[in-house]
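Report on one structure; see the data block that follows.
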Amino acid sequence: MENVEIFKALANDYRLQILFWLKNPEKYFVHEENVDMREVGVCVGEIQKQLGLTQSTTSHYLSMLQKANLLIATRIGKWTYYRRNEVTLKYLRDFIDKEL
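Letter by letter, the sequence shown follows residues 1 to 100 of full-length UniProt numbering.
Rendered as structure tokens:
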């Protein structure tokens, strides 16, 4: 894993907020029928509404988090859903604990 990419992605309050919200998605987002937010994720539109930013800015932030492997994207029809990549987040916790 590229540590620099991970830390770059985390160096923004909005991107950190996305990760925080996705830790407990049912608390911060409207539940969609037939979509398990923990397994599938949260739709881009719901994340955008919560952030209060434009669609393009929201998509850019999500793309950065995905590029750093902090998020996993799942496409269902024309919609894209995002959830946290707990494997990478565990790696990051271990890295900070052991190396920094």
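Note that CB positions come from ideal geometry on N, CA and C, so glycine has one too.
Counting the other CB atoms within 10 Å of its CB gives Asn85 a total of 16 or more, which places it among the buried residues. In the structure shown, the three-state DSSP call for Arg83 is strand.
Burial state of Gly41 is buried, judged by a 10 Å Cβ sphere holding 16 or more other Cβ atoms. When only Cα atoms are considered, Glu5 and Ala68 end up about 5 Å apart.
A distance below 7 Å between beta-carbons, with the five flanking residues on each side excluded, links Leu16 to the following residues of its chain, in chain order: Leu10.
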